[in-house]
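As they're listed, the protein sequences go chains A and B.
Going by this note's numbering, the first sequence opens with residue 36, and the numbers climb by one from there.
Going by this note's numbering, the second sequence opens with residue 1031, and the numbers climb by one from there.
The beta-carbon is built from N, C-alpha and C at its ideal position, and this holds for glycine as well.
Scroll down for the structure; my scribbles are underneath it.
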Amino acid sequence: DAKTTQPPSMDCAEGRAANLPCNHSTISGNEYVYWYRQIHSQGPQYIIHGLKNNETNEMASLIITEDRKSSTLILPHATLRDTAVYYCIAFNAGNNRKLIWGLGTSLAVNP
Amino acid sequence: GAGVSQTPSNKVTEKGKYVELRCDPISGHTALYWYRQSLGQGPEFLIYFQGTGAADDSGLPNDRFFAVRPEGSVSTLKIQRTERGDSAVYLCASSLASGSTGEQFFGPGTRLTVL
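Written out as structure tokens, the structure reads:
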């Protein structure tokens, strides 16, 4: 079973920041937080990951709380093309690297 | 460069038939994964290959499902005696084996419909 819980859906206005929360209160110390997204009718796409520290790349920022029980994915300036289902995953490299997916958050970016 | 490709993109078959789904991973990626995704659900792990061998097949639902990767590159997922419940999108992903990365590169999927 997935170790993460996310709200089923969110809305965001185009050009504004989208902040997607994820709860992972049972995450283990050696488990990373990974984020993927899946645009309609496409395969999932990797976004970002982190262990303890906040991370930023060209797509997004990841904020992980100090106790690691939750995190937030931030899309700083959402566009219509960011409309997708966003998945937060607790990843254990020792678990044969398989990804255990929950239901994700369906983000709608509105014009 | 070329990403992960999957063929066919769509497959419609009748209950009881045999189907094969193909995955071409990114060149040089030694790890390959199969997942399946039902409507409104997240992907569900099926099997993981490291090179030619199946390192973890714990997600295969029953013995009607089988996958091979004979030369450590292309993989084929085989489903015997298909059932309507097998209808789903079958996703393939590949990754570099080194390190502890969970970054996997996904193909577009094969949509299987069993009538």
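Identity of the residue in the options nearest residue i by Cα
{"i": "A:Ser-63", "options": "A:Leu-134, A:Ser-96, A:Pro-146, A:Asn-127", "result": "A:Asn-127"}
{"i": "A:Arg-116", "options": "A:Gly-137, A:Arg-132, A:Gln-80, A:Val-144", "result": "A:Val-144"}
{"i": "B:Phe-1079", "options": "B:Ser-1117, B:Ala-1123, B:Gly-1137", "result": "B:Ala-1123"}
{"i": "B:Val-1098", "options": "B:Tyr-1048, B:Glu-1044, B:Gly-1046, B:Cys-1053", "result": "B:Cys-1053"}
{"i": "B:Pro-1100", "options": "B:Ile-1056, B:Pro-1138, B:Thr-1143, B:Thr-1082", "result": "B:Thr-1082"}
{"i": "B:Phe-1113", "options": "B:Pro-1091, B:Ala-1085, B:Thr-1131, B:Ser-1125", "result": "Correcting the residue identity first, residue 1113 of chain B is Glu in this sequence and not Phe. Residue B:Pro-1091 is the option with its Cα nearest to B:Glu-1113."}
{"i": "B:Asp-1087", "options": "B:Gly-1137, B:Leu-1062, B:Gly-1102, B:Thr-1043", "result": "B:Leu-1062"}
{"i": "A:Thr-118", "options": "A:Pro-42, A:Cys-47, A:Ala-37", "result": "A:Cys-47"}
{"i": "B:Asp-1116", "options": "B:Gly-1058, B:Ser-1103, B:Leu-1126, B:Glu-1050", "result": "B:Glu-1050"}
{"i": "A:Thr-39", "options": "A:Thr-114, A:Gln-77, A:Tyr-67, A:Arg-51", "result": "A:Tyr-67"}
{"i": "A:Asp-102", "options": "A:Asn-58, A:Gly-50, A:Ala-53", "result": "A:Asn-58"}
{"i": "B:Arg-1111", "options": "B:Arg-1094, B:Gln-1067, B:Thr-1131", "result": "B:Arg-1094"}
{"i": "A:Leu-142", "options": "A:Asp-36, A:Ala-37, A:Ala-53", "result": "A:Ala-53"}
Chain A within 7 Å of residue i, Cβ atoms only
{"i": "B:Tyr-1078", "result": "yes"}
{"i": "B:Gly-1046", "result": "no"}
{"i": "B:Phe-1136", "result": "yes"}
{"i": "B:Phe-1075", "result": "yes"}
{"i": "B:Gly-1083", "result": "no"}
{"i": "B:Gly-1102", "result": "no"}
{"i": "B:Gly-1072", "result": "yes"}
Cβ-Cβ distance between residue i and residue j below 7 Å
{"i": "A:Trp-136", "j": "A:Tyr-121", "result": "no"}
{"i": "A:Met-154", "j": "A:Ile-109", "result": "The structure shown has nothing for residue 154 of chain A, since chain A only spans 36 to 146."}
{"i": "B:Val-1144", "j": "B:Lys-1045", "result": "yes"}
{"i": "B:Trp-1064", "j": "B:Ile-1077", "result": "yes"}
{"i": "B:Thr-1140", "j": "B:Gln-1036", "result": "yes"}
{"i": "A:Lys-104", "j": "A:Ser-44", "result": "no"}
{"i": "A:His-84", "j": "A:Tyr-69", "result": "yes"}
Residue-chain proximity (residue i, chain B), Cβ-Cβ < 7 Å
{"i": "A:Gly-78", "result": "yes"}
{"i": "A:Lys-133", "result": "yes"}
{"i": "A:Leu-110", "result": "no"}
{"i": "A:Leu-138", "result": "yes"}
{"i": "A:Tyr-121", "result": "no"}
Under 8 Å by beta carbon: chain B residues contacting residue i
{"i": "A:Arg-72", "result": "Within chain B, no residue comes near A:Arg-72; the closest Cβ sits about 11 Å away, beyond 8 Å."}
7 Å Cβ cut-off: residues of chain B touching residue i
{"i": "A:Tyr-67", "result": "Gly-1132"}
{"i": "A:Gly-85", "result": "Under the 7 Å cutoff, chain B gives no residues; its nearest Cβ is about 11 Å from A:Gly-85."}
Cross-chain neighbours of residue i in chain A, by beta carbon under 8 Å
{"i": "B:Leu-1121", "result": "Gly-78, Pro-79"}
{"i": "B:Ala-1061", "result": "Arg-132"}
Chain-ordered neighbours of residue i on chain A, where CB pairs are closer than 7 Å
{"i": "B:Ala-1032", "result": "Chain A residues near B:Ala-1032: none, gap ~14 Å exceeds 7 Å."}
{"i": "B:Gly-1139", "result": "Gly-78"}
Partner residues on chain A for residue i, Cβ-Cβ distance less than 9 Å
{"i": "B:Gly-1058", "result": "Those within 9 Å of B:Gly-1058 in chain A number zero; the least Cβ separation is about 16 Å."}
Residue i Cβ short of 6 Å to the ligand GDP heavy atom set
{"i": "B:Ile-1056", "result": "Annotation note on the ligand GDP: not contained in the displayed structure, which lists no ligands."}
Residue ranges of each alpha helix (DSSP H) within the stretch 1069-1102 of chain B, 4 or longer: none
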